[in-house]
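Peer 1:
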Ligand code: FES
Ligand SMILES: [Fe+2]
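Residue numbers (this note's numbering): 53 to 492.
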């Protein structure tokens, strides 16, 4: 039996926090992660605006399990296993669409948009015994399904705490994204899928890793410098990052219960898309939350949702496929009802930085693959990239957390150059706790 609890070396009294490389390279760890986090816990499955109308559906996965997210004729959202009750064929083959019924291609059983079986083909001639009718033929619902402000989560197991408790203080951080728009958020049409040959947790770490920014993305930073000297600034040139000013900014992080985490940085607010409506925003949400909405924020909802709030608002979903293979799905989120000009500017800024066609994502994914290749060096056991900020981190909330009314497990703040790494501790404390429990 594996002892997964040995994979995190967490000794705060000695100033040590390390993660073992087996956490990223051992297939037995991956299998356990699938069982513990993706098959027994809450995972993000979709945004309500993706299935906005009656009979809309979306094919999704939690880890390795195919599911269908759908809205029935009465407008009720449901999440069911995409697996025919007859002999298991996938019932839904499209990524998304609108259908009143889903007909299995194998033997023709049909299901309504509420998941109920509406047809067993040629049933009358089938000479079924009475016991057949005693069994449900409906698509199996997931164990738990719930929404928080448009974000839809499912758990394959019913034995989970309520979603509100699982999200905990992360709810206040989701609220910062949702409340920036008076009418809420929607997904902009268009989805980007890509894969990288590396462990899924490298993606989870990277988004909250401020330390890599200047060394992994030099070409992007040089471009920002060049743009700053260009006389005519186009939409993408109004990026809110400014290479020359970045180092003077403040940064901080919160590590939350259940492995959620957020990194924030201050940035020149006058370049933020919300700045033009600042007065109305302050009126609506108060000066403190308005200020927070104009900070850059990288939020991880463990295990598979990332919300990046900077010039644009990006939602990424992580689907682990194997210990060294991960699929990413990426979307642009936008306020409902913004003007065509605002939407155009948002899209240009979104394309600028994110996705395989953007100026930053390829740098990151290539680096994950570099790491994964070198994990083959079995002689090296421990990763040392969890130590920055350790002498400064506070247990519990700092002044920034108190402003937001949240109680993180860890908080830290300082100059951008500090590039804290303690933000990963909450993730791995939650991770190792659950992995160890499962082994026991
Ligand atoms: S497997 Fe679906 S009808 Fe037979
Ligand atoms: Fe990056």
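The beta carbon of each residue, even a glycine, is placed where N, CA and C say it ideally should be.
Under the DSSP definition of a beta bridge, which residues are partnered with residue 463?
Peer 2: DSSP lists 306 and 446 as partners of residue 463.
Peer 1: Given residue 491, which residues of its chain have a CB within under 8 Å of its CB, disregarding the five upstream and five downstream residues?
Peer 2: Any reading at residue 491 must be qualified, since the residue scores a pLDDT of 49, below 50, and its modelled position is unreliable; the value itself is stated next. Correct list, in chain order: 53, 54, 55, 56, 57 and 84.
Peer 1: Verify whether the separation of the beta carbon atoms of residue 141 and residue 153 is less than 8 Å.
Peer 2: It is not a contact, given that the beta carbons lie outside the stated cut-off.
Peer 1: DSSP has residue 383 in a bridge; who is on the other side?
Peer 2: DSSP output for residue 383 lists 367 as bridge partner(s).
Peer 1: What's the C-alpha gap between residue 219 and residue 158?
Peer 2: In a straight line, the C-alpha of residue 219 is about 40 Å away from that of residue 158.
Peer 1: Name the residue from 262, 339, 271 and 331 whose alpha carbon lies nearest to the alpha carbon of residue 302.
Peer 2: Checking every option, the nearest Cα to that of residue 302 belongs to 262.
Peer 1: Could you give the DSSP three-state label for residue 203: helix, strand or coil?
Peer 2: Note: residue 203 maps to strand in three-state DSSP.
Peer 1: Looking at residue 258 and ligand 2, is the gap between the Cβ and the nearest heavy atom below 7 Å?
Peer 2: Residue 258: yes, Cβ under 7 Å from ligand 2.
Peer 1: Roughly how far, in whole angstroms, is the beta-carbon of residue 208 from the beta-carbon of residue 195, given that I think they are within contact range, below 8 Å?
Peer 2: Rounded, the Cβ-Cβ distance is 5 Å, consistent with contact.
Peer 1: Would you kindly work out how many angstroms separate the C-alpha atoms of residue 453 and residue 463, rounded to a whole number?
Peer 2: Roughly 7 Å separates the two Cα atoms.
Peer 1: In this structure, how does DSSP classify residue 122 when only helix, strand and coil are distinguished?
Peer 2: It is a strand residue.
Peer 1: Tell me whether the beta-carbon of residue 435 lies closer than 8 Å to the beta-carbon of residue 70.
Peer 2: Their beta carbons are under 8 Å apart, which means residue 435 touches residue 70 by this criterion.
Peer 1: Where does residue 116 land, buried or exposed, given buried means 16+ other C-beta within 10 angstroms?
Peer 2: Answer is exposed; the Cβ neighbour count stays below 16.
Peer 1: By the 10 Å Cβ neighbour count, where 16 or more other Cβ atoms means buried, how is residue 272 classified, buried or exposed?
Peer 2: Label assigned to residue 272: buried.
Peer 1: Does DSSP classify residue 491 as helix, strand or coil?
Peer 2: The predicted model places residue 491 with a pLDDT of 49, which falls under 50 and marks its position as unreliable; any figure quoted below should be read in that light. Residue 491 falls in the helix class under three-state DSSP.
Peer 1: Is the Cβ-Cβ distance between residue 73 and residue 432 less than 8 Å?
Peer 2: Taking 8 Å as the Cβ cut-off, residue 73 and residue 432 qualify as a contacting pair.
Peer 1: I'd like the ranges of any alpha helix (DSSP H) spanning at least 4 consecutive residues and lying wholly in the region 56-104.
Peer 2: For the region 56-104, whole alpha helix (DSSP H) runs of length 4 or above, ordered along the chain, are 74-77 and 79-85.
Peer 1: Using only the heavy atoms of ligand 2, determine whether one of them is closer than 7 Å to the beta carbon of residue 268.
Peer 2: Residue 268 Cβ: within cutoff of ligand 2.
Peer 1: Give me whichever residues DSSP pairs with residue 156 in a beta bridge.
Peer 2: In the DSSP output, where bridge partners are listed per residue, residue 156 has none listed.
Peer 1: What residue range does the alpha helix (DSSP H) around residue 33 cover?
Peer 2: Coverage of the chain is limited to positions 53 through 492, which leaves residue 33 absent and any answer about it impossible.
Peer 1: Do you know offhand how far residue 206's Cα is from residue 197's?
Peer 2: So the alpha carbons of these two residues sit roughly 4 Å apart.
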